[in-house]
Amino acid sequence: MNYSISVSVRVLKLKIGALAFLILTGSCRSIQPEAPENTWLATAPPEINAVTNSIVVPVEINLTGYFKDANKSVPDITAGSDKPCSGIRYEYRFQKDSFNISTVNNRLLSELVGSYWIKMEYCAACSDLLVAKPVCLTPLVPFSCGINEKRPSLRIRFETELNINENYGLSTSTGINELKALNPCEVTLFRFDATEEVIREVRKTLEKQCIATDKQLARISFRKDADDLWKNMNQSVKIPYLGYIHFEPVSLSLVKPRLANNRLFTTLVLNCKTYLNQNPAKKELGELPGLNTIPSAPKDTFDLFTDFELDYDSISQLFTEQVKGKTIDFNKNHFEFEAVKVSGLDKNRLLLAISFSGTKRGILYLQGIPYFDNHTKILELSKLEFDLKTKSVLLKSAKWLFSNRIYSELEKATKLDLSAQFNELKKTIDKNLQRKIGDLILQGKTHDVSVVHIFPTVDHLYLRTCLKAQLNVKQ
521 MNYSISVSVR VLKLKIGALA FLILTGSCRS IQPEAPENTW LATAPPEINA
571 VTNSIVVPVE INLTGYFKDA NKSVPDITAG SDKPCSGIRY EYRFQKDSFN
621 ISTVNNRLLS ELVGSYWIKM EYCAACSDLL VAKPVCLTPL VPFSCGINEK
671 RPSLRIRFET ELNINENYGL STSTGINELK ALNPCEVTLF RFDATEEVIR
721 EVRKTLEKQC IATDKQLARI SFRKDADDLW KNMNQSVKIP YLGYIHFEPV
771 SLSLVKPRLA NNRLFTTLVL NCKTYLNQNP AKKELGELPG LNTIPSAPKD
821 TFDLFTDFEL DYDSISQLFT EQVKGKTIDF NKNHFEFEAV KVSGLDKNRL
871 LLAISFSGTK RGILYLQGIP YFDNHTKILE LSKLEFDLKT KSVLLKSAKW
921 LFSNRIYSEL EKATKLDLSA QFNELKKTID KNLQRKIGDL ILQGKTHDVS
971 VVHIFPTVDH LYLRTCLKAQ LNVKQ
């Protein structure tokens, strides 16, 4: 009788122990809140709109040759005469001695210095009585300047105004703004200014030189440069792993010319839509548009927007590696991180599903807002908090899990340093923006990569990125 009672007691103890184990085991796995719903989560980020960027191409032209050609097109020697029967008769010869051009206060000046001689005779009275041709009745009085002596000189200064016409050509207007005798020839006996006679005759020749100068400068045209830039920059440049950068020319402008050191400086400015997608096809380009003139060139910075794609599984793995095995003790309670699973939520939030073990086992759902530090290039989560459904479960079964220590560990673990990836992105873009396009040489250099927006979607986290670069085009 005693033996059977003893056996029954042992059996009862075993049953009670098993029940207690089941109760404890069940309590360890009791944290299983319902996961939040992603009803309004987008499947893709918003479309990136094309950005209009300016590509600047400096243009420099040495004007010395054009002016010298204009000077050569007019004879070096100008000669003439006027021989009435009575009064002063003269014959002159003007010779160019030097020709130079200069730029002063953004004005183009050319200077010609020449010397001359003049022979003159004076007849007091003439008569054609009994003769077919009038003859002088008095002895001729000869006089001269520049014969067997130093020749008198003239200095002539021209000023040329430059403009650009809508056909991409140089439009100029050259005029005489000074015609001065450096050592005048004046015959006081007859109060005759021989220099004025020479100037009057030479001016006719110099006016021809003004016309010749404008004709020579009219040869300067930017149309070929503009046409090459317009056609060749209609490009789709392949960037590995990203897609194609598209350049779509929209308009062309030319900066008002600047003059310095006998050279003309200006800048062609190509405005083009720029965007990145997966389609290699180029859009059909229209004809070269009419030219606009602008006072100054814009900055040669180049902006490009693209989406940097992060896979949730990869993020989850990185976060898990940071926290797996870390433990936190709360008096008699024990908490150990096992895994982190990341997914997207609406309102630009991320959801963290934290698998844990210890005194209790289960899953905690936390929400956070992804934030990117453009200075350190670190992606992190801010404003971490328990999801409402998780809070409700914890209030009923495990208030001790409301701890800042869990937040602190997660904040440290949920930081991704993307500086290496962004540096690689810069190198890839820079490498592919070094190329020859027709007669043009394209040189691109990325200066900065910054995140301007973050878009959690169903399958990926997208970092909308702005790349600032300098894009040079050389001819």
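The sequence shown begins at 521 in our numbering and counts up by one.
By construction, the Cβ of each residue, glycine as well, lies at the ideal position given by its N, Cα and C atoms.
(message) Can you list, in chain order, the residues of its chain with a C-beta nearer than 6 Å to that of T787? Leave out the 5 residues immediately preceding and following it.
(response) In its chain, beyond the 5 residues on either side, V576, P578, V775, A817 have a beta carbon closer than 6 Å to the beta carbon of T787.
(request) To the nearest angstrom, report how far apart G695 and Y586 are at their CA atoms. (result) G695 and Y586 have their C-alpha atoms roughly 16 Å apart.
(message) My output table needs one value for V860: the three-state DSSP class, helix, strand or coil.
(response) Strand, per DSSP.
(message) Determine whether the beta carbon atoms of L690 and I731 lie at a separation below 8 Å.
(response) Cβ atoms of L690 and I731: not closer than 8 Å.
(message) Given this structure, state the Cα-to-Cα distance separating T733 from N797, to the nearest angstrom.
(response) If you take the alpha carbons of T733 and N797, they lie about 51 Å apart.
(message) In the DSSP output, what is T966 paired with across the bridge?
(response) Looking at the DSSP assignment, T966 forms a beta bridge with A989.
(request) Closer than 8 Å by C-beta to L682: which residues in its own chain qualify, once you throw out the five before and the five after it? Chain order, please. (result) If we look at L682 and ignore the five residues flanking it on each side, its Cβ neighbours are L628, L690, S691, T692, L737, P777, L779, L784.
(message) Tell me the rounded alpha-carbon separation between N781 and N620.
(response) Cα-Cα distance, rounded: 12 Å.
(request) Give the DSSP-derived three-state secondary structure of F587 in the structure shown. (result) Collapsing the DSSP output to three states places F587 in a helix.
(message) If we define contact as Cβ-Cβ less than 8 Å, is L901 a contact residue for chain B?
(response) The structure shown contains no chain B; it holds only a single protein chain.
(request) Ignore the nearest five residues each way along the sequence and tell me which others in P604's own chain have a CB closer than 6 Å to its CB. (result) For P604, where only same-chain residues beyond five positions count, there are no Cβ hits under 6 Å.
(message) Suppose you measure from the CA of S593 to the CA of K956; what does that come to, to the nearest Å?
(response) For S593 and K956, the distance between alpha carbons rounds to 40 Å.
(message) If you measure between the beta carbons of V972 and T794, is that distance less than 8 Å?
(response) In terms of Cβ geometry, V972 and T794 do not form a close pair [threshold 8 Å].
(request) With a floor of 4 residues, list each alpha helix (DSSP H) that falls wholly inside the region 831 to 875, ordered by position along the chain. (result) As summarised for the region 831 to 875, the continuous alpha helix (DSSP H) elements at least 4 residues long and confined to that stretch are 832 to 843, given in chain order.
(request) Quick one: measure Cβ to Cβ for G666 and Y642, integer angstroms, because I've assumed they're closer than 8 Å. (result) At roughly 18 Å, the Cβ-Cβ gap does not stay under 8 Å, so G666 and Y642 are not in contact.
(message) Nearest by alpha-carbon distance to K861: which of H980, T623, L702, E611 is it?
(response) Taking only the C-alpha atoms, the option nearest K861 is H980.
(request) Return helix, strand or coil for W920, following the three-state DSSP convention. (result) W920 falls in the helix class under three-state DSSP.
(request) List the whole-angstrom C-beta distance separating E856 from G878, where the pair is believed to meet the contact cut-off of C-beta under 8 Å. (result) Distance from E856 to G878 at the Cβ level is roughly 5 Å; contact confirmed, criterion being Cβ atoms closer than 8 Å.
(message) For a test of the three-state rule: what should DSSP assign to D734, helix, strand or coil?
(response) Here D734 sits in helix by DSSP.
(request) Take the Cβ of F922 as the centre, count every other Cβ of all protein chains shown within 10 Å, and call the residue buried at 16 or more, exposed below. (result) Around the beta-carbon of F922, fewer than 16 other beta-carbon atoms lie within 10 Å, marking it exposed.
(request) Under 8 Å Cβ to Cβ from K946, same chain only, skipping five residues before and after it: list those, please. (result) Cβ neighbours of K946 beyond the five flanking positions: T966, V969, L987.
(message) Using C-beta distances below 8 Å, list every residue in its chain close to Q954, excluding the 5 sequence neighbours before and after it, in chain order.
(response) The residues are L962, Q963, G964.
(request) Specify, as a first and last residue, the run of the beta strand (DSSP E) that I765 falls within. (result) Bounds of the beta strand (DSSP E) holding I765 are 763 to 775.
(message) So for E944, helix, strand or coil by DSSP?
(response) It is helical.
(request) Return the residue from the list V993, V978, R984 that minimises the CA-CA distance to W560. (result) Ranking the options by Cα distance to W560, first place goes to V978.
(request) Quick one: grab the DSSP three-state call for T545. (result) Low local confidence applies: a pLDDT of 43 at T545 is under 50, so the model's placement there is unreliable, and no value is given.
(message) I'd like the list of long-range same chain contacts for R613, defined as Cβ closer than 7 Å, with 5 residues on each side in sequence excluded.
(response) The answer, listed in chain order, is I597, A599, Y636, W637.
(message) Between which two residues does the beta strand (DSSP E) holding R675 run?
(response) Secondary structure note for R675: its beta strand (DSSP E) is the uninterrupted segment 673 to 684.
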